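In what follows, a structure is listed as structure tokens, so that the remarks can point back to it.
What follows is the structure, given as structure tokens:
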């Protein structure tokens, strides 16, 4: 089995810990982490840069200019983890920062990793302002939304769904939209998750399909 972890963080570079993982998409969620990730220089770590909605108190003026510059200088860099969280303060600020980062991803045509907790209604309100052809590949990280949300996202957008557990909602998601992730949790064994997804989907080829799905994100296809 060959797996790429579709979402982790600097505190857990999963390909070093699990033998089936051959690469890790690492999301730097604040500017301090951006510099650490930039200097990592590890060909098995695929970098994404963003401001997470949990860390808005650490945001500095001009972050968007600096993020754009990172993408200009690093042609394979992605955007994330960005998003909205209903249970965190200052939703207006969350929306402002999310839109700025989404528009940077649009400008540079880079995949974007989305954190959304209880706020898909607001995400949809934002996304509908853009043409489908404008929007980049999006990854719904640690997805746990409803079938209705799945259907609306699939109908409208080039989106993938990433899981750190084998949830029954996976039955309703096309095989070619599924990714797996540790989310920097060392107790999440991705080979076990892939096996469980294969059982749910009744498809013994899911390991290869998930790997190819992740490569499509990395290749920005």
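Residue numbers (the numbering used here): 324 to 544. By construction, the Cβ of each residue, glycine as well, lies at the ideal position given by its N, Cα and C atoms. Please read these numbers as outputs of a predicted model, since none were measured by experiment.
Burial state of residue i (16 or more Cβ within 10 Å)
i           : result
residue 448 : exposed
residue 406 : buried
residue 388 : exposed
residue 542 : exposed
residue 413 : exposed
residue 337 : buried
residue 538 : exposed
residue 331 : buried
residue 499 : exposed
residue 485 : buried
residue 384 : exposed
residue 306 : Absent from the structure is residue 306, since the part of the chain shown begins at 324 and ends at 544.
residue 359 : exposed
Reduced DSSP category for residue i - H, G, I as helix; E, B as strand; rest coil
i           : result
residue 414 : helix
residue 515 : helix
residue 324 : coil
residue 346 : strand
residue 501 : strand
residue 337 : helix
residue 530 : helix
residue 478 : helix
residue 521 : helix
Nearest-angstrom Cβ-Cβ length linking residue i and residue j, presumed shorter than 8 Å
i           : j           : result
residue 455 : residue 479 : 6 Å
residue 523 : residue 489 : 6 Å
residue 470 : residue 492 : 7 Å
residue 514 : residue 324 : 5 Å
residue 439 : residue 446 : 6 Å
C-beta neighbour in chain E for residue i, strict 8 Å
i           : result
residue 344 : The structure shown contains no chain E; it holds only a single protein chain.
Close Cβ partners of residue i (< 6 Å) along its chain, the five nearest in sequence each way excluded
i           : result
residue 375 : 352, 404
residue 516 : 489, 503
residue 399 : none
Own chain partners of residue i with C-beta closer than 8 Å, once the 5 adjacent residues on each side are dropped
i           : result
residue 424 : 373, 374, 387, 390, 402, 405, 435
Beta-carbon proximity list for residue i, same chain, < 7 Å, skipping 5 on both sides
i           : result
residue 442 : 407, 408, 409
residue 422 : 449
residue 507 : 331, 332, 334, 335
residue 467 : 490
*What are the complete beta strand (DSSP E) segments, minimum 3 residues, inside the segment 363 to 387?*
368 to 372
_To test your reading of the DSSP string, which unbroken beta strand (DSSP E) runs of 3 or more residues are found completely within the segment 389 to 458?_
401 to 408, 435 to 440
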